[in-house]
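Below you'll find the structure, written out as structure tokens, and then a few comments.
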Amino acid sequence: MFGDMSTKWTENDVPDQSGRTAVVTGANTGLGFETAKVLAARGATVVIAVRNVEKGNAAAAQILGAVPRADITVQPLDLGSLQSVRTAAAELKESHPRIDLLINNAGVMYPPKQTTKDGFELQFGTNHLGHFALTGLLLENLLPVPGSRVVVVASIAHNIRAAIHFDDLQWERGYNRVAAYGQAKLANLMFAYELQRRLATAGAETIAVAAHPGVSNTELMRHIPGSSLPFVDKLTGLVTNSPAMGALATLRAATDPGASGGQYYGPDGFRELWGHPVLVSSSKQSHDVAVQERLWTVSEQLTGVRFPF
């Protein structure tokens, strides 16, 4: 879907964020780092929630170098461990009673077959279940906050060999990393849509919005076959968004005053691969309410997390 080519939404369109608190997962590098940096520059209190605290501290220092007055802290969070998610959520709820933005950005893409500490397939467990649990545990700190948002970072891969394989969610009968990533990103979108429906039903002011960066040249690309070859690296640089450009869709979903719950933002370029953020459409199957509801129920069962509606 192509946007209005006469107006290009950029980071300059991010409104003042003073007095707002944003939790950004996976913000030590790539899209999350760029998202956190812009929010900090606009005055938000930013929490970088990351698995590797050393890298998180380095990212915070880098942001402080660019934005000396930034209010930024680092929160240990391993989305591949439900115990870590519960610990992080408890600490965040105590240190930040008011949360305006929860940006579910962290993720893994195309790794060799691995499982999380809880035995879930790594991509589904980290990208979807970890964020599902974190959102459910933090939501009561967002619900009382006017204008609060949950932003779910999805991917154009939600429509590439993607389906929710309820008969083998953890890929125990055979692993295909591309299809497994597609399942995880489809789950992200379905979670965002179902969360928005439940928030609206509950009459909550909090909204859920989704975004995708197109194809962005970040560390996520490291598991793509041949990604270490020089010509692939050069080609990637030509046909992808920079991390700063890729983060714009997330930033628009998080801060555009005109955004509504259940919307989906992505780049306005060819096949949504690159460009400035506009409203885009997701696949027909991502809007299947019956599958959304079933996925929600299964996610509650697997994580043990119930949402405070």
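Positions 70 to 378 (this note's numbering) are the ones given, in order, by the sequence shown.
Don't be surprised by glycine CBs; every beta carbon is placed ideally from N, CA and C.
No experiment lies behind these values; they were computed from the predicted model shown.
- Distance from Val92 to Ala127 at the Cβ level is roughly 19 Å; contact not present, criterion being Cβ atoms closer than 8 Å.
- For Ala280, the closest C-alpha among the options Pro84, Thr76, Asp82 and Gly101 is that of Gly101.
- The distance from the Cβ of Pro312 to that of Ser350 is about 24 Å, inconsistent with a contact at the 8 Å cut-off.
- Within 10 angstroms of the beta-carbon of Ala231 lie 16 or more other beta-carbons, which makes it buried.
- For Ser285, the three-state secondary structure derived from DSSP is strand.
- Note on Arg111: 16 or more other CB atoms within 10 angstroms of its CB, so buried under the neighbour-count rule.
- In the assembly as shown, Gly335 is a buried residue. Its beta-carbon has 16 or more other beta-carbons within 10 Å.
- The C-beta of Gln152 has fewer than 16 other C-beta atoms within 10 Å across all chains shown, which makes the residue exposed.
- Ala280: member of the beta strand (DSSP E) spanning Ile276 to Ala280, first to last residue.
- Leu255 is positioned such that its CB atom lies closer than 8 Å to that of Ile233.
- For Ala261, the enclosing alpha helix (DSSP H) begins and ends at Arg246 to Thr270.
- Within the same chain, and ignoring the five residues on either side of Pro145 in sequence, the residues whose Cβ sits closer than 6 Å to its Cβ are Val122.
- Between the C-alpha atoms of Asp140 and Ala113 there is a straight-line separation of about 7 Å.
- Cβ contact annotation for Gln183 (same chain, cutoff 6 Å, sequence separation greater than five): Leu191, in chain order.
- Between the alpha carbons of Ala323 and Glu80 lies a gap of roughly 12 Å.
- Judged by DSSP in its simplified three-state form, Gly327 adopts coil rather than helix or strand.
- Taking a contact as a CB-CB distance under 8 Å, the pair Gln265 and Ala277 counts as one, their CB atoms being some 4 Å apart.
- Pro84 counts as exposed, since fewer than 16 other beta carbons sit within 10 angstroms of its beta carbon.
- The three-state reading of DSSP puts Asn121 in coil, since its state is none of H, G, I, E or B.
- Only residues of its own chain outside the window of five on either side were considered, and among them Phe189, Ser368, Leu371 and Thr372 have a CB closer than 7 Å to the CB of Leu198, listed in chain order.
- Put simply, of Asp82, Gln86 and Leu203 the residue whose alpha carbon is nearest the alpha carbon of Gly95 is Leu203.
- For Arg155, the uninterrupted alpha helix (DSSP H) segment begins and ends at Leu151 to Ser164.
- The straight-line gap separating the alpha-carbon atoms of Trp240 and Tyr333 is approximately 28 Å.
- With fewer than 16 other Cβ atoms from the protein chains shown falling within 10 Å of its own Cβ, Lys353 counts as exposed.
- Pairing Asp325 with Val177, the inter-Cα distance amounts to about 27 Å.
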